[in-house]
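Here the sequence shown stands for residues 652 to 736, numbered as in the working numbering. Below is one structure, written out as structure tokens; the observations come after it.
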Amino acid sequence: MRLHLHPDVVTTDTDDGTVLLDERTGRYWQLNTTGAHVLHRLLDGHDPVRIAADVTDRHKIDAHQAERDVTAVIEQLRTAELVIA
Numbered sequence: 652m653r654l655h656l657h658p659d660v661v662t663t664d665t666d667d668g669t670v671l672l673d674e675r676t677g678r679y680w681q682l683n684t685t686g687a688h689v690l691h692r693l694l695d696g697h698d699p700v701r702i703a704a705d706v707t708d709r710h711k712i713d714a715h716q717a718e719r720d721v722t723a724v725i726e727q728l729r730t731a732e733l734v735i736a
């Protein structure tokens, strides 16, 4: 699954994660460092299952929880129309 930012969405990385600005609506979205990691990996074309494995390794959490968390980030980004396939 290769996702791309919507053309009207710009991002800025911060010490605490990533901020996304939807220029269509003027709304800002903030991702913590883990959410930012998920977003960047998705934009680089990585598979959500592999991203979840990375999150599991980095944070020493349950693999099923990491998969649910990665799926939740993807769904929230899609629902907000910040990314497109």
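Just so it is clear, CB atoms sit at the ideal spot from N, CA and C, and this is done for glycine as well.
Three-way DSSP call (helix, strand, coil) for residue i in this model
| i | result |
| --- | --- |
| Thr685 | helix |
| Asp720 | helix |
Strand pairing of residue i, partner residues [DSSP]
| i | result |
| --- | --- |
| Val747 | The structure shown does not extend to residue 747, since the chain is modelled only from 652 to 736, so the question has no answer here. |
| Val734 | Leu656 |
| Arg678 | Asp673 |
Beta-carbon proximity list for residue i, same chain, < 6 Å, skipping 5 on both sides
| i | result |
| --- | --- |
| Arg692 | Ile702 |
| Leu671 | Val660, Thr662, Trp680, Leu733 |
| Val724 | Gly686, Val689 |
| Thr684 | Gly668 |
Opening and closing residue of the alpha helix (DSSP H) in which residue i lies
| i | result |
| --- | --- |
| Leu708 | The amino acid occupying residue 708 in the given sequence is Asp; Leu does not appear at that position. Unbroken alpha helix (DSSP H) run through Asp708: 699 to 710. |
Test item: CB-CB of residue i and residue j under 8 Å
| i | j | result |
| --- | --- | --- |
| Leu694 | His657 | no |
| Thr730 | Pro699 | no |
Cβ shell of residue i (< 8 Å), same chain only, five flanking positions each side left out
| i | result |
| --- | --- |
| Ala717 | Ala703, Ala704, Val706, Thr707, His710 |
| Ala736 | Met652, Arg653, Leu654, His655 |
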